[in-house]
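**Q** My questions all concern the structure below.
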Amino acid sequence: MFTSSKRSIHPSDAVARIMVWPVATVPGEATLLEVAESLAADGIGAICVVENGHLAGVVSERDVVIHLAQGANPEHVTAADVMTTDLVTAHPDDQVLDTARRMVEAQIRHLPVIEEDKIAGFVSMRDLFEVLIDVASHEEDVVVVPSGTRVVVRQD
């Protein structure tokens, strides 16, 4: 049986407690093939694109699949060509629940955590689900809906 040694984390805790570090990065000139290889090798769903020492964008598995499905040549298209540049980010001190809400509202599954203009970590929906599901499993009669509202379920 698998036993987790994770400390108890709550939705009001800082996202720094669940963010992943180190963060996988590629330069903007990396080919789509190199991006896909990095994603596969690290078993991750998104990678940060760094240019001039700063976060320039994010490429997700979805970005890779969309461009390949549209006929892009993975040896000629670069990370800079396909990366998302309109980034939604978090700060390490942001609450887990607030970060989850931000991701749902932006319809994204991966989010860079930025501190003092540097990449401090990375968070995925999977990381957030673990915390939220753990809380929900201890409060069987309470459901948290996407707006963050806690709904008490009564069984009369």
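Numbering of the sequence shown is given in our numbering, commencing with residue 430 and proceeding in unit increments. By construction, the Cβ of each residue, glycine as well, lies at the ideal position given by its N, Cα and C atoms. Bear in mind that the values here come from a model prediction, so they are computed numbers and not experimental data.
1. Flag this pair as yes or no: are the beta carbons of I537 and T518 separated by less than 7 Å?
2. Excluding the 5 residues flanking I548 on each side, which residues of the same chain have their C-beta closer than 7 Å to its C-beta?
3. Sorted by chain position, which residues of the same chain lie with C-beta nearer than 8 Å to A535's C-beta, five sequence neighbours on each side aside?
4. Just to confirm before moving on: does the CB-CB distance between H539 and S467 stay below 7 Å?
5. With a 10 Å radius around its C-beta and 16 neighbouring C-beta atoms as the bar for buried, classify T514 as buried or exposed.
6. Please report how far the alpha carbon of V455 lies from the alpha carbon of A470, in whole angstroms.
7. Can you round the beta-carbon distance between V444 and V525 to whole angstroms, since I take them to be within the 8 Å contact cut?
8. Answer with buried or exposed for F551, where buried requires no fewer than 16 other C-beta atoms within 10 angstroms of its C-beta.
9. Ignoring anything shorter than 3 residues or poking outside the stretch 499-574, list the beta strand (DSSP E) runs there in chain order.
10. Let's see if you can read the secondary structure: which residues bound the alpha helix (DSSP H) around E466?
11. Does the beta-carbon distance from G457 to A508 come in below 7 Å?
12. Name the DSSP beta bridge partners of P440, please?
**A** By the coordinates alone:
1. Along the sequence shown, one-based indexing puts residue 537 at 108. Along the sequence shown, one-based indexing puts residue 518 at 89. It is not a contact, given that the beta carbons lie outside the stated cut-off.
2. Along the sequence shown, one-based indexing puts residue 548 at 119. The residues are V452, C477, L484 and P541.
3. On the sequence shown, position 106 is the one that residue 535 refers to. Excluding sequence neighbours, A535 sits near V517.
4. As a first step, residue 539 must be located in the sequence shown, where it is residue number 110. As a first step, residue 467 must be located in the sequence shown, where it is residue number 38. Result no, Cβ atoms of H539 and S467 do not sit closer than 7 Å.
5. Your numbering for residue 514 matches position 85 in the sequence shown. Under this definition T514 is an exposed residue.
6. As a first step, residue 455 must be located in the sequence shown, where it is residue number 26. As a first step, residue 470 must be located in the sequence shown, where it is residue number 41. In a straight line, the C-alpha of V455 is about 13 Å away from that of A470.
7. Residue 444 sits at position 15 when you count from the first residue of the sequence shown. Residue 525 sits at position 96 when you count from the first residue of the sequence shown. Going by Cβ atoms, the distance from V444 to V525 rounds to 6 Å, so yes, they are a contact pair.
8. Along the sequence shown, one-based indexing puts residue 551 at 122. With 16 or more Cβ atoms within 10 Å of its Cβ, F551 is classed as buried.
9. 539-544, 547-553 and 571-573
10. Within the sequence shown, the letter at position 37 stands for residue 466. Per DSSP, E466 belongs to the alpha helix (DSSP H) from L461 to D471.
11. Walking along the sequence shown from the start, residue 457 turns up at place 28. Walking along the sequence shown from the start, residue 508 turns up at place 79. Yes, they are a contact pair.
12. Numbered from 1 along the sequence shown, position 11 holds the residue referred to as residue 440. Beta-bridge pairing links P440 to no other residue.
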